[in-house]
Amino acid sequence: MSAVCNGSQQQQVHLQHHKNRNEVARRRWKILARALQKTSDIDTTPTNVNDIISVRRFTTFDLVTSRPIILNNGTDDPAASWFEYTATISQNTYSLNIRHPTRSFTAAELIGFNNTGNICVWPSEEVLAYYILCNLQYFSGKTVLELGGGMTCLAGLMVAKYTTAANIHVTDGNISAIDNVQFIVKQNGLGDCAACSVLQWGDIQDKPVGNHISTYDIILSADCLFFDEARQDLIETIWTMLNEDGTAFVMAPRRGHTYEKFAEEAKMRGFHCKSKQYYNEHVWNRHLKLKQSCDYDENIHYPMLLHLRKTYAENSYN
Ligand SMILES: C[S@@+](CC[C@H](N)C(=O)[O-])C[C@H]1O[C@@H](n2cnc3c(N)ncnc32)[C@H](O)[C@@H]1O
1 MSAVCNGSQQ
11 QQVHLQHHKN
21 RNEVARRRWK
31 ILARALQKTS
41 DIDTTPTNVN
51 DIISVRRFTT
61 FDLVTSRPII
71 LNNGTDDPAA
81 SWFEYTATIS
91 QNTYSLNIRH
101 PTRSFTAAEL
111 IGFNNTGNIC
121 VWPSEEVLAY
131 YILCNLQYFS
141 GKTVLELGGG
151 MTCLAGLMVA
161 KYTTAANIHV
171 TDGNISAIDN
181 VQFIVKQNGL
191 GDCAACSVLQ
201 WGDIQDKPVG
211 NHISTYDIIL
221 SADCLFFDEA
231 RQDLIETIWT
241 MLNEDGTAFV
251 MAPRRGHTYE
261 KFAEEAKMRG
271 FHCKSKQYYN
281 EHVWNRHLKL
291 KQSCDYDENI
301 HYPMLLHLRK
311 TYAENSYN
């Protein structure tokens, strides 16, 4: 079984946001330089984010495991590897075929829109997917939107495959991530129940509600709270796209004070916020076990769960 997330890359983003900014900047410029240098005089190694850092760190809660697969419909996909992601809960097995692009990033992509969702499936997305599979009944008949789902939108696609949600719309602001999700939707035969599109949070205020977008009963988001410059846009997007009696399930590690800041600013916007550290027995037990490992840092790895509602409701979801 292999991990769903490359921890060295995760560590890179942590460093980027909390320490050693110079080193990360130096590495980024090196990648960019490599991508721009088409001649072979310096370094012709393909640039892949997987190559950036060799330090191995915490990668997965092992709630969703992955194994490489060869697609049996004979699809030729030289730009990617495919994996079966599997979770087992109470003797039920849930799985999705997931595409990992293997191609190098172009210079335009490197300097373009945020690429953190093209690196890996982050532990918060893994835990959110697992939490969904443990609570399938929450989604019955609901309209569901995932924001910032990254290159797999794993949580949203588990909703599409395994719940009786009325519909599910998975989104991310990064075009390459959504291109990849389109492949996954098609390969898993989810085209009829899952819509998939680019949605950048900053754009939402410019688009009149009802004209371009609809509102949703449930909004999902994993590990999207650490972008200081995008925090207000994300809050506004959730506000605009959530039904009056809807709930947003926002999962993210504390990552310094970024989780707290998001919750505070969401409250100021008018949301009723309920923050949970303990929300699933199995996740909590994994967390307690992982705390004994030196690769695991609760602050950047353990996803907190934040429920956001526009109207107050006690215990609508456990
Ligand atoms: C750390 S990644 C998390 C991806 C995925 N949820 C996961 O946990 O694997 C953050 C995601 O937020 C997306 N993102 C960042 N800023 C955004 C914005 N302004 N609008 C839409 N998506 C954005 C990125 O493209 C990226 O996929």
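Residue 20 in UniProt numbering sits at position 20 of the sequence shown; the count goes up by one each step and never skips. For each residue, glycine too, the CB sits at the ideal point set by N, CA and C.
Could you tell me how far apart the beta carbons of residue i and residue j are, in whole angstroms, since I believe they sit closer than 8 Å?
{"i": "L220", "j": "E146", "result": "4 Å"}
{"i": "D223", "j": "A252", "result": "5 Å"}
{"i": "F271", "j": "L308", "result": "4 Å"}
{"i": "E125", "j": "G141", "result": "Actually they do not touch by this definition, with Cβ atoms about 24 Å apart."}
{"i": "L96", "j": "M158", "result": "7 Å"}
{"i": "K289", "j": "E244", "result": "So it is not a contact: roughly 41 Å between Cβ atoms."}
{"i": "H301", "j": "F58", "result": "5 Å"}
{"i": "R99", "j": "W82", "result": "6 Å"}
{"i": "C193", "j": "N167", "result": "7 Å"}
{"i": "A155", "j": "A129", "result": "4 Å"}
By DSSP, does residue i sit in helix, in strand, or in coil?
{"i": "V64", "result": "coil"}
{"i": "H257", "result": "coil"}
{"i": "S54", "result": "Legend: pLDDT at S54 = 34, less than 50; position of this residue unreliable, value from coordinates given subsequently. Three-state DSSP puts S54 in coil, outside helix and strand."}
{"i": "I111", "result": "helix"}
{"i": "G156", "result": "helix"}
{"i": "L242", "result": "strand"}
{"i": "D77", "result": "coil"}
{"i": "K267", "result": "helix"}
{"i": "D223", "result": "coil"}
{"i": "W82", "result": "strand"}
{"i": "L234", "result": "helix"}
{"i": "L199", "result": "coil"}
{"i": "L308", "result": "strand"}
{"i": "R286", "result": "helix"}
Tell me the rounded alpha-carbon separation between residue i and residue j.
{"i": "A230", "j": "G256", "result": "16 Å"}
{"i": "L32", "j": "T258", "result": "Since pLDDT at L32 reaches only 47, below the 50 mark, its modelled position is unreliable, and the value read off the structure follows with that caveat. Near 28 Å, if we compare the C-alpha coordinates of T258 and L32."}
{"i": "Y85", "j": "Y296", "result": "22 Å"}
{"i": "K291", "j": "N299", "result": "11 Å"}
{"i": "F183", "j": "H169", "result": "15 Å"}
{"i": "T164", "j": "L110", "result": "38 Å"}
{"i": "T88", "j": "D228", "result": "36 Å"}
{"i": "P68", "j": "Y131", "result": "24 Å"}
{"i": "T247", "j": "Q200", "result": "20 Å"}
{"i": "K261", "j": "Q137", "result": "31 Å"}
{"i": "K274", "j": "W239", "result": "16 Å"}
{"i": "E314", "j": "Y279", "result": "15 Å"}
{"i": "N50", "j": "Y312", "result": "Per-residue confidence for N50 stands at a pLDDT of 39, beneath the threshold of 50, marking its modelled position as unreliable; no derived number is given."}
{"i": "N115", "j": "N174", "result": "7 Å"}
{"i": "S197", "j": "D172", "result": "7 Å"}
{"i": "A80", "j": "P101", "result": "4 Å"}
{"i": "N72", "j": "H287", "result": "36 Å"}
{"i": "V209", "j": "E236", "result": "Low confidence applies to V209: its pLDDT is 46, below 50, so where it sits in the model is not reliable enough to give any reading."}
{"i": "M241", "j": "S214", "result": "7 Å"}
Ligand 1 heavy atoms versus the CB of residue i: any closer than 7 Å?
{"i": "S124", "result": "yes"}
{"i": "C196", "result": "no"}
{"i": "Q200", "result": "yes"}
{"i": "A222", "result": "yes"}
{"i": "A177", "result": "yes"}
{"i": "N88", "result": "In the sequence as displayed, the identity of residue 88 is Thr instead of Asn. No, Cβ of T88 sits at least 7 Å from all heavy atoms of ligand 1."}
{"i": "T116", "result": "yes"}
{"i": "N174", "result": "yes"}
{"i": "D233", "result": "yes"}
{"i": "V121", "result": "yes"}
{"i": "G148", "result": "yes"}
{"i": "A266", "result": "no"}
{"i": "F227", "result": "yes"}
{"i": "A108", "result": "no"}
{"i": "A230", "result": "yes"}
(request) Taking only runs that begin and end inside the stretch 129 to 192, name each unbroken alpha helix (DSSP H) of 4 or more residues, in chain order. (result) Entirely contained in the stretch 129 to 192, the alpha helix (DSSP H) runs reaching 4 residues are, in chain order, 154 to 162, 175 to 187.
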